[in-house]
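A.B. asks: Got a structure for you, written out below as structure tokens; questions coming shortly.
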Ligand SMILES: NC(=O)c1ccc[n+]([C@@H]2O[C@H](COP(=O)([O-])OP(=O)(O)OC[C@H]3O[C@@H](n4cnc5c(N)ncnc54)[C@H](O)[C@@H]3O)[C@@H](O)[C@H]2O)c1
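Numbering (the working numbering), first residue to last: 12 to 349.
If you want it as structure tokens, here you go:
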């Protein structure tokens, strides 16, 4: 068993504490929150865990092997830096940091200190996304042509990040894990309709990412939608997938659909043929992503191996988010990567 501390006892921290606390690999020694009321609420549920307002107590305790940071994005860098420099393996919530420079620095510190830097891209640990990765890896879909995601709901308005930084990390991390292509450019448009902060924070945005092989991804993120939609369509040259995370049973459906263009020698016109074959829903295991991820974090530490969502994957996501912000400021002008 390893000792872990969770910093940030809000909405997501609650799920993290529950999962770490019920894992046979982990002993949650501390929970921390700078908001005393939040801390008190959580410590009522977990009477055996030490609750602290000042997270420096955790960094100074040599018995703590790992720290989980589940605070707002703007505080990830400072806390993760302190954690790594104090020799703790560090789990940081998505997105890793507010800038790629900060992410790069954390990666360097983790290497220098020989400590694991793990980013909580939770979707990568879901059975559905792991099944989709298998299908792509086994070439069931053929060449991936496009990825089209809709991630919309009503709220929660965030105060320190816009809707892109809040919701798009999920899709970008899925793209990185499942297809792993190098992005060439990003363009983004978006709007803020409600003034609830000193800055205008867009609550609806559309991102387009182009990849080096000519494939394309579109991500629609929205905090002011009347309905909650969590749907990704992936079009391949052989088959297509629909991943509907709101479905309880058949989350992933594989369609034998496609388009074939043939040019006959004796005619000038091309023939366009549409294929609409069978659809099936592959069997998907049933486990909680966070529980699986807690085990993965432990295994990586004890076996000294890289996490599937390491600092580099966190940096990949942050670079695309940063480019999207730049494009947003220029009304959708594409931002190119070197
Ligand atoms: N992986 C996922 O699917 C997922 C889902 C939701 C949120 N998140 C991420 O989790 C993080 C937290 O989000 P949330 O929705 O739980 O927010 P939240 O506001 O509900 O909770 C954040 C908590 O951190 C505390 N806090 C703030 N600054 C602190 C500091 N410097 N030291 C200690 N405590 C501090 C706050 O008092 C609050 O209780 C964010 O990075 C968010 O992007 C991830």
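For glycine and all other residues, C-beta sits at the position ideal for the given N, C-alpha and C.
May I ask you to check if the CB of residue 146 is nearer than 7 angstroms to at least one heavy atom of ligand 1?
C.D. replies: Checking every heavy atom of ligand 1 against the Cβ of residue 146, none is found closer than 7 angstroms.
A.B. asks: According to DSSP, what are the bridge partners of residue 247?
C.D. replies: For residue 247, which the question treats as bridged, DSSP gives the partners 155.
A.B. asks: Could you check whether residue 274 and residue 255 sit closer than 8 angstroms to each other, using their CB atoms as the reference points?
C.D. replies: Not a contact, by the Cβ cut-off of 8 angstroms.
A.B. asks: Checking the sheet assignment: what are the DSSP bridge partners for residue 347?
C.D. replies: Residue 347 is bridged to 196.
A.B. asks: Report yes if the CB atom of residue 14 is closer than 8 angstroms to the CB atom of residue 76, and no otherwise.
C.D. replies: Contact: yes.
A.B. asks: Within 7 angstroms: the Cβ of residue 17 and any heavy atom of ligand 1?
C.D. replies: Checking the Cβ of residue 17 against ligand 1 gives no.
A.B. asks: Is residue 133 near ligand 1 - that is, is its Cβ less than 7 angstroms away from at least one heavy atom of it?
C.D. replies: For ligand 1, at least one heavy atom lies less than 7 angstroms from the Cβ of residue 133.
A.B. asks: Alpha carbon to alpha carbon, how far is residue 40 from residue 190? Give it in angstroms, no decimals.
C.D. replies: Rounded to the nearest angstrom, the two C-alpha atoms are 38 angstroms apart.
A.B. asks: Which value, in whole angstroms, describes the spacing of the CA atoms of residue 5 and residue 163?
C.D. replies: Because residue 5 is not part of the residues shown, which for the chain are 12 to 349, the question remains open.
A.B. asks: In whole angstroms, give me the CA-to-CA distance for residue 331 and residue 324.
C.D. replies: Their Cα atoms are separated by approximately 11 angstroms.
A.B. asks: Beta-carbon within less than 8 angstroms of residue 302's beta-carbon, same chain only, minus the 5 sequence neighbours each way: which residues are those?
C.D. replies: The answer, listed in chain order, is 30, 33, 34.
A.B. asks: Go ahead and pull the three-state DSSP assignment for residue 104.
C.D. replies: The answer is strand: DSSP assigns residue 104 an E or B state.
A.B. asks: With distances taken Cα to Cα, identify the nearest neighbour of residue 80 among 137, 111, 21, 74.
C.D. replies: The option with the nearest alpha carbon to residue 80 is 21.
A.B. asks: With a threshold of 7 angstroms (Cβ to nearest heavy atom), would residue 211 be considered close to ligand 1?
C.D. replies: Every heavy atom of ligand 1 is 7 angstroms or more from the Cβ of residue 211, so no.
A.B. asks: What residue from 129, 175, 153, 12 has the CA that sits closest to residue 250's CA?
C.D. replies: The shortest C-alpha separation from residue 250 is found at 153.
A.B. asks: Could you tell me whether the segment 199 to 216 touches the segment 283 to 292, where touching means 3 or more Cβ pairs closer than 8 angstroms?
C.D. replies: These segments do not touch.
A.B. asks: Return the residue from the list 240, 247, 319 that minimises the CA-CA distance to residue 136.
C.D. replies: The candidate whose alpha carbon is nearest that of residue 136 is 319.
A.B. asks: Cα-Cα, which of 229, 105, 280 is closest to residue 272?
C.D. replies: The candidate whose alpha carbon is nearest that of residue 272 is 280.
A.B. asks: Identify every run of the beta strand (DSSP E) within the segment 106 to 153, keeping only runs that are complete inside it and at least 3 residues long; order them along the chain.
C.D. replies: Counting only runs of 3 or more, we get 128 to 131.
A.B. asks: Short of 8 angstroms in beta carbon distance, which residues of its chain neighbour residue 208, apart from the five on each side in sequence? Order them along the chain.
C.D. replies: Counting only Cβ-Cβ distances below 8 angstroms, and skipping sequence neighbours, we find 170.
A.B. asks: Please indicate yes or no: does the CB of residue 83 lie closer than 7 angstroms to some heavy atom of ligand 3?
C.D. replies: Absence of ligand 3 from the depicted structure is noted, with ligand 1 being the only ligands included.
A.B. asks: Given a cut-off of 8 angstroms on the beta-carbon distance, is the pair residue 114 and residue 346 in contact?
C.D. replies: Going by C-beta atoms, residue 114 is not nearer than 8 angstroms to residue 346.
A.B. asks: Is there contact between the segment 104 to 122 and the segment 45 to 62, where contact requires at least three CB pairs shorter than 8 angstroms?
C.D. replies: No contact exists between the segment 104 to 122 and the segment 45 to 62.
A.B. asks: Compute the distance between the beta-carbons of residue 45 and residue 70, then report whether it is under 8 angstroms.
C.D. replies: No; because the gap between Cβ atoms is not below 8 angstroms, this pair is not in contact.
A.B. asks: For residue 74, I'd like the list of residues in its chain whose CB is within less than 6 angstroms of its CB, leaving aside the five on either flank, ordered along the chain.
C.D. replies: Cβ neighbours of residue 74 beyond the five flanking positions: 14.
A.B. asks: Residue 245: buried (16+ other C-beta within 10 angstroms of its C-beta) or exposed?
C.D. replies: Residue 245 is buried by the Cβ-count criterion.
A.B. asks: Three or more C-beta pairs under 8 angstroms: does that hold for the segment 171 to 187 against the segment 84 to 97?
C.D. replies: Yes, the segment 171 to 187 touches the segment 84 to 97.
A.B. asks: Is the Cβ-Cβ distance between residue 185 and residue 336 less than 8 angstroms?
C.D. replies: Contact flag unset, no.
A.B. asks: Run through DSSP, which three-state label would residue 86 get?
C.D. replies: Helix, per DSSP.
A.B. asks: DSSP beta-bridge partners for residue 287?
C.D. replies: Paired residues: 268.
A.B. asks: Would you call residue 259 buried or exposed, if buried means 16 or more other Cβ atoms sit within 10 Å of its Cβ?
C.D. replies: The residue is exposed, with fewer than 16 neighbouring Cβ atoms inside 10 Å.
A.B. asks: Among 82, 234, 130, which one has its Cα closest to the Cα of residue 317?
C.D. replies: It is 130 whose Cα lies nearest to the Cα of residue 317.
A.B. asks: Starting from residue 309, trace the alpha helix (DSSP H) both ways and give me its first and last residue.
C.D. replies: Segment 300 to 314, the alpha helix (DSSP H) holding residue 309.
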